[in-house]
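Asks: Under our numbering, the sequence shown is numbered contiguously, ending at residue 767.
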Amino acid sequence: MSPTFLDEATVYRLLERAGLATPRHSSVADGATWATTFEPGERVVLKGLCDSLWHKSEVGAVRFLDFDEAAIRAEAEAMRARLGAVGRFIGALVAERVAFRQLDGVPCEWFFSVRREAASGFVLAIGLGGLHAELLRRAFRAEPLQWDLGLTAPSQLLDELEASAFGALWMQPTRSGAPLVERARVAEWIDGVFRLAVIAETESIELIEVNPLVVAADGRLVALDGVGLSAASSETTRDSTAPNAALNAASSAALSTMPNAAPSAASREVSARIVSDPVVDGEATSTARPRPTLQQLLTPKRVAVIGVSSRADSVGGMILANLLRSDLAGCDGLRVIKAGVDVLFGVPALPDLAALAADPADWLIVALPASAAVDAIAEICARGGGASIVFLVAGGIGDGADPGGAQRARLEVVLHEARRSGGFAPVVVGPNSLGALSADLSLDSLFIPPDKLAVRLDVESPVALVSQSGAFLITRIDGDEQLVLRVGYCLGNQLDFDVADCLGALADDPAIRVAALYLEGFGATGLRRLALAARHFAADGRRVVLYKAGRTSDGARAAAGHTGALAGSYALERSVLRREGVVIADRFSDFSAALRWLGAAPAIRPRRVALITNAGYEAVRGADLLFEPLGAAGVDVSQRLALTQVLEAHGLAGLVAPQLPLDLTPMADEAAYCAALEALVDLDADVFVLSLVPLTRRLCTADPAKGAAFAQRLAELARGRSLTLGVVVDAGRAYDAYRRHFASAGLPVFDSVEVAIEGLRAIA
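1. List the endpoints of the continuous beta strand (DSSP E) containing Thr25.
2. Taking only three categories from DSSP, how would you classify Ile340?
3. Any contact of the segment 413 to 423 with the segment 451 to 465, i.e. 3+ C-beta pairs under 8 Å?
4. Which of the three DSSP states is assigned to Ser279 in this structure?
5. Buried or exposed, going by whether 16 or more other CB atoms sit within 10 Å of the CB of Arg516?
6. Rounding to the nearest angstrom, what Cα-Cα distance links Arg577 and Gln298 in this structure?
7. Return the CA-CA distance between Ala439 and Val306, expressed in angstroms with no decimal places.
8. Is it a yes or a no for the segment 473 to 484 touching the segment 500 to 507, going by three-plus beta-carbon pairs under 8 Å?
9. Based on DSSP bridge pairs, tell me the residues matched to Gln149.
10. If we ignore side chains and look at the alpha-carbon of each, how far apart do Ile760 and Pro605 end up?
11. Starting from Ser233, follow its DSSP beta bridges and name the residues at the other end.
12. Between Leu598, Val462, Ala370, which lies nearest to Ile480 when the distance is taken from Cα to Cα?
13. From this set, Leu763, Phe394, Ala708, Leu395, which residue's C-alpha is nearest Thr727's C-alpha?
14. Compare the C-alpha of Ser123 against each of Ala574, Ala708, Ser445 and name the closest.
15. Hey, is the segment 177 to 192 in contact with the segment 605 to 617, meaning 3+ C-beta pairs nearer than 8 Å?
16. Hey, how far is the Cα of Trp366 from the Cα of Ala514?
17. Going by DSSP, name the residue or residues bridged to Glu99.
18. For Thr288, does the three-state DSSP call read helix, strand or coil?
19. Which residue from Ala315, Leu326, Pro147 puts its Cα closest to that of Lys304?
20. Which stretch, first to last residue, makes up the alpha helix (DSSP H) that contains Thr478?
21. I need the straight-line Cα distance from Val217 to Cys111, nearest angstrom please.
22. Buried or exposed, going by whether 16 or more other CB atoms sit within 10 Å of the CB of Ser233?
23. Please go through the same chain and pick out, in chain order, the residues whose beta-carbon is closer than 8 Å to the beta-carbon of Phe591, but skip the five residues on each side of it.
24. Grouping DSSP H, G and I as helix and E and B as strand, with all else coil, what is Gly768?
25. For Cys334 and Gly349, I'd like the C-alpha separation in whole angstroms.
26. Between the segment 313 to 330 and the segment 439 to 449, do three or more beta carbon pairs fall short of 8 Å?
27. In terms of residues, what are the limits of the alpha helix (DSSP H) holding Ser374?
28. How far does the beta strand (DSSP E) with Cys493 in it reach, from first residue to last?
29. Below 8 Å, how does it come out for the segment 86 to 94 and the segment 121 to 137: are there three or more Cβ pairs, yes or no?
30. Please tell me whether Arg643 and Pro664 are closer than 8 Å, where the distance is taken between their beta carbons.
31. Which residues in the same chain as Thr566 place their Cβ atom closer than 8 Å to its Cβ, once the five residues preceding and following it in sequence are excluded?
32. Have a look at Asp511, Ala21, Gly44, Leu580 and flag the residue whose alpha-carbon is nearest the alpha-carbon of Phe197.
33. In three-state terms, what does DSSP make of Leu258?
34. Kindly list the residues whose CB is nearer than 8 Å to the CB of Ala74, restricted to its own chain and excluding five residues on each side of it in sequence; keep chain order.
35. Report yes or no: do three or more beta-carbon pairs, one from the segment 371 to 391 and one from the segment 422 to 433, lie closer than 8 Å?
36. Please give me, in chain order, every unbroken run of the beta strand (DSSP E) with length at least 3 that falls completely inside the segment 630 to 715.
Following this line, the structure appears as structure tokens:
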């Protein structure tokens with residue numbers, strides 16, 4: 004059913020129920036008798052209300068008049084005639100012309116909306132308003148601020164609004180002394196917004212949009228115009244919002260404890276109500292999927308594979324070959340489901356899923372076509388067991404290869420019915436999942452052969468890489484020799500097990516300090532659930548890095564065709580997740596650079612950066628990049644003296660200025676670099692970037708022993724003084740061997756100063 008349009012009179016009543024101010028007004032349906040509340044000659048606004056009319060001024064549905072009942076009636080009739088071609092005429096509304104506060108040169112009209120987002124919940128957006136809101140947004144690049152109301156405390160919202168450019172315009176003192184609006188007034192208004200969200204939740208309202216919102220002469224925030232959308236029928240919506248109508252039972256219960264005198268308490272109550280979600284809150288429900296343990300996710304004791312043919316190069320065969328290189332192979336931890344054989348490729352075989360139910364595994368990897376894969380899960384559910392986690396390798400379930408979503412719907416019904424009835428249903432990873440990697444068992448369940456992909460796993464690595472796309476996972480591994488993982492997981496379509504589930508489980512492993520995520524979209528409540536999982540993961544200083552694809556409408560369509568992702572508003576996603584401390588990488592290069600820094604120094608919180616280089620252009624470019632939130636470290640008198648002595652000792656006096664960024668010129672050798680770093684170890688800097696253009700003869704790049712010794716010396720200096728040090732080797736692929744010396748010493752290595760500092764900017 005398409006949403007029902009909410010006209011201005013209906014929206015006014017919703018706002019008033021939430022305790023939000025509207026103009027004094029009077030409205031009736033077409034043909035009814037006006038009930039006037041205005042004095043003769045009073046300045047008023049007459050507005051024509053039509054179904055699906057979002058912008059009244061564009062079609063002549065707004066007139067500014069002095070109140071005269073006969074003139075109002077005549078103009079309302081004329082307006083009804085004019086608007087007949089626009090849509091069904093609902094009626095006319097007369098409202099007072101509100102005198103509002105203004106400041107010369109300052110936009111004094113806001114818009115705000117409260118809307119339901121499938122991936123999160125009710126979202127508040129605030130931006131520049133008025134007739135020219137869109138023009139102002141583009142001209143000033145002033146994107147609306149957005150908050151998920153279920154994740155945000157009212158006090159946090161108030162503080163963030165006041166600190167923003169929008170809030171500063173209204174809430175900070177002006178040259179005349181007084182702000183446009185008092186902070187207490189904004190706090191009251193925020194409280195009403197939370198109440199409005201409860202009303203919207205309980206009455207199936209999808210959107211309420213107000214433009215403009217102004218500060219009246221008496222200091223109140225007043226909504227001058229509003230429209231909306233409801234999932235309920237027009238009759239239901241208008242009945243529930245009629246003047247003096249009782250709140251429905253749920254809304255009344257929620258609001259009855261919220262006196263206007265205690266806005267903070269009201270907001271807390273509202274926030275608690277609209278955040279409620281069975282998955283988010285961890286409440287047990289009859290259809291909730293089981294939550295896998297960390298052991299089940301990363302250290303399965305037994306793994307079974309179905310779909311292995313006699314050909315070693317089949318998908319199932321390549322998966323099995325990789326599993327045979329894991330620790331499971333030596334402890335009777337592998338099984339193949341295949342009728343007619345006792346052993347396949349040296350692995351014991353079970354004839355069917357009935358045998359697996361009698362001798363269950365932690366994992367079952369299903370390398371079957373889509374329809375057969377769904378059949379297999381249906382049988383597992385029917386038999387009451389077989390595997391705790393099922394990996395679906397095949398696509399064609401809920402993506403572009405599943406016309407009409409028939410296979411997805413079939414699988415969802417199977418899982419839902421099993422859980423609803425209290426029966427068994429596994430956690431399903433995928434569909435379209437490439438598999439998983441775990442250093443604890445040297446486990447690789449991908450179907451990529453080792454001669455094509457060198458997977459680097461290490462139990463000492465702090466990094467987990469979780470990707471919706473298998474190709475992204477393996478290209479990051481293949482393209483970055485420095486990327487060593489503790490865990491790698493490909494989620495695929497996230498039909499059942501999603502990124503929030505995965506991050507929540509990984510949080511139980513204290514050795515994982517960095518979770519790097521690639522996502523193309525969120526399912527229902529997925530954004531909110533990920534935000535809460537990130538909040539939990541990062542509570543003890545751990546970091547989450549995200550690259551979110553599917554940001555544009557075209558990207559979202561591509562994501563849906565590839566993984567069945569439900570791409571949402573990137574601005575909202577970015578806003579919500581950054582508040583939870585998630586590092587958002589806008590480019591793949593930023594993602595990789597941030598991950599390289601965090602892999603070497605998970606606790607890094609860069610603010611001040613010291614750059615040492617031998618190239619003037621790198622010093623200049625580096626300085627250009629050290630703006631908010633980063634800054635360039637500076638030297639004090641004693642450090643300047645120490646640098647001067649270093650330069651003199653290495654024949655660089657007169658060539659190099661003792662300042663930061665420090666350009667040592669191509670005349671500097673390894674000893675000069677080390678001495679300069681030693682002279683600056685007490686610098687007030689969070690990060691040191693040491694950049695080498697290796698084309699100078701002064702650097703011994705062709706001698707492996709000297710290159711390794713230089714790298715080890717730098718690493719020892721960094722470890723000895725607890726410095727975070729990154730190295731740049733700014734040259735072509737011919738110098739990859741030289742780069743490896745520094746990487747082998749445990750230092751993050753980059754190809755340019757720009758990449759290194761942009762990685763720091765992403766983290767900061």
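All residues carry an ideal CB built from backbone N, CA and C; glycine is no exception. Note that the structure is predicted; figures quoted are calculated from it, not measured.
Replies: On the basis of the coordinates in this document:
1. Walking along the sequence shown from the start, residue 25 turns up at place 22. Per DSSP, Thr25 belongs to no beta strand (DSSP E) and is neither H nor E.
2. For the purposes of this step, residue 340 is taken as residue 337 along the sequence shown, with counting starting at 1. The answer is strand: DSSP assigns Ile340 an E or B state.
3. Too few Cβ pairs lie closer than 8 Å, so no.
4. Numbered from its first residue, the sequence shown carries residue 279 at position 276. The predicted model places Ser279 with a pLDDT of 42, which falls under 50 and marks its position as unreliable, so this point remains unresolved.
5. Against the sequence shown, residue 516 aligns to sequence position 513. Around the beta carbon of Arg516, 16 or more other beta carbons lie within 10 angstroms, which makes this residue buried.
6. Position 574 of the sequence shown, counting from 1, holds the residue named residue 577. Position 295 of the sequence shown, counting from 1, holds the residue named residue 298. One Cα belongs to Arg577, the other to Gln298, and the distance between them is close to 31 Å.
7. The residue labelled residue 439 in the question sits at position 436 within the sequence shown. The residue labelled residue 306 in the question sits at position 303 within the sequence shown. Going from the Cα of Ala439 to the Cα of Val306 covers about 12 Å.
8. By the C-beta criterion, the segment 473 to 484 is judged not to be in contact with the segment 500 to 507, since fewer than 3 inter-stretch pairs fall below 8 Å.
9. One-based indexing of the sequence shown puts residue 149 at position 146. In the DSSP output, where bridge partners are listed per residue, Gln149 has Ala128.
10. Walking along the sequence shown from the start, residue 760 turns up at place 757. Walking along the sequence shown from the start, residue 605 turns up at place 602. About 16 Å.
11. For this step, residue 233 is matched to residue 230 along the sequence shown. Paired residue(s): Thr7, Ile208.
12. Counting from one through the sequence shown, the residue named residue 480 turns up at place 477. Between Ile480 and the set Leu598, Val462, Ala370, the nearest pair of CA atoms involves Leu598.
13. The count along the sequence shown starts at 1 and reaches residue 727 at position 724. The residue with the shortest Cα to Cα distance from Thr727 is Leu763.
14. Within the sequence shown, numbered from 1, the residue matching residue 123 stands at position 120. The shortest C-alpha separation from Ser123 is found at Ala574.
15. Too few Cβ pairs lie closer than 8 Å, so no.
16. Start at 1 with the first residue of the sequence shown, and residue 366 comes out as number 363. Start at 1 with the first residue of the sequence shown, and residue 514 comes out as number 511. Rounded to whole angstroms, Trp366 to Ala514 spans 23 Å at the Cα level.
17. Counting from one through the sequence shown, the residue named residue 99 turns up at place 96. Val47, per the DSSP bridge assignment.
18. As a position in the sequence shown, residue 288 is number 285, starting the count at 1. Its pLDDT being 46, under 50, Thr288 is placed unreliably in this model, and the value from its coordinates should be taken loosely. Here Thr288 carries a coil assignment [DSSP, helix/strand/coil].
19. Numbered from 1 along the sequence shown, position 301 holds the residue referred to as residue 304. Distance from the Cα of Lys304 is smallest, within the candidate group Ala315, Leu326, Pro147, for Leu326.
20. By 1-based counting over the sequence shown, the position of residue 478 is 475. Element bounds for Thr478: 473 to 482.
21. For this step, residue 217 is matched to residue 214 along the sequence shown. For this step, residue 111 is matched to residue 108 along the sequence shown. Distance between the alpha carbons of Val217 and Cys111: 7 Å.
22. To locate residue 233, count along the sequence shown from 1; it is residue 230. By the C-beta density criterion, Ser233 is buried, having at least 16 other C-beta atoms within 10 angstroms.
23. Position 588 of the sequence shown, counted from the first residue, corresponds to residue 591. Hits under 8 Å: Tyr550.
24. Because the chain is modelled from 4 through 767, residue 768 falls outside the range shown and cannot be assessed.
25. Residue mapping note: residue 334 aligns to position 331 of the sequence shown, counting from 1. Residue mapping note: residue 349 aligns to position 346 of the sequence shown, counting from 1. Going from the Cα of Cys334 to the Cα of Gly349 covers about 13 Å.
26. Judged by Cβ distances under 8 Å, the segment 313 to 330 makes contact with the segment 439 to 449, as three or more pairs qualify.
27. The residue given as residue 374 occupies position 371 in the sequence shown. Run containing Ser374: 373 to 386, per the alpha helix (DSSP H) assignment.
28. By one-based count along the sequence shown, residue 493 stands at place 490. It spans 490 to 493 - the beta strand (DSSP E) in which Cys493 sits, taken as one unbroken run.
29. For the pair of segments examined, the segment 86 to 94 was found not to touch the segment 121 to 137: the number of CB pairs separated by less than 8 Å stays below three.
30. Numbered from 1 along the sequence shown, position 640 holds the residue referred to as residue 643. Numbered from 1 along the sequence shown, position 661 holds the residue referred to as residue 664. Pro664 sits away from Arg643, with the two beta carbons spaced by 8 Å or more.
31. Here residue 566 refers to the residue found at position 563 of the sequence shown. Bear in mind that a pLDDT of 42 at Thr566, under 50, signals an unreliable position, so the model cannot answer this.
32. Reading the sequence shown from its first residue, position 194 is the one you call residue 197. Phe197 has its Cα closest to that of Ala21, out of Asp511, Ala21, Gly44, Leu580.
33. As a first step, residue 258 must be located in the sequence shown, where it is residue number 255. Because the pLDDT of Leu258 is 35, which lies under 50, any placement of that residue in the model is unreliable, and the number read from its coordinates should be weighed accordingly. DSSP, reduced to helix, strand and coil, places Leu258 within a helical segment of the structure shown.
34. On the sequence shown, position 71 is the one that residue 74 refers to. Excluding positions up to five away in sequence, the list reads Leu68.
35. The segment 371 to 391 vs the segment 422 to 433: in contact.
36. Counting whole runs of 3 or more residues, the segment 630 to 715 contains the beta strand (DSSP E) stretches 690 to 695.
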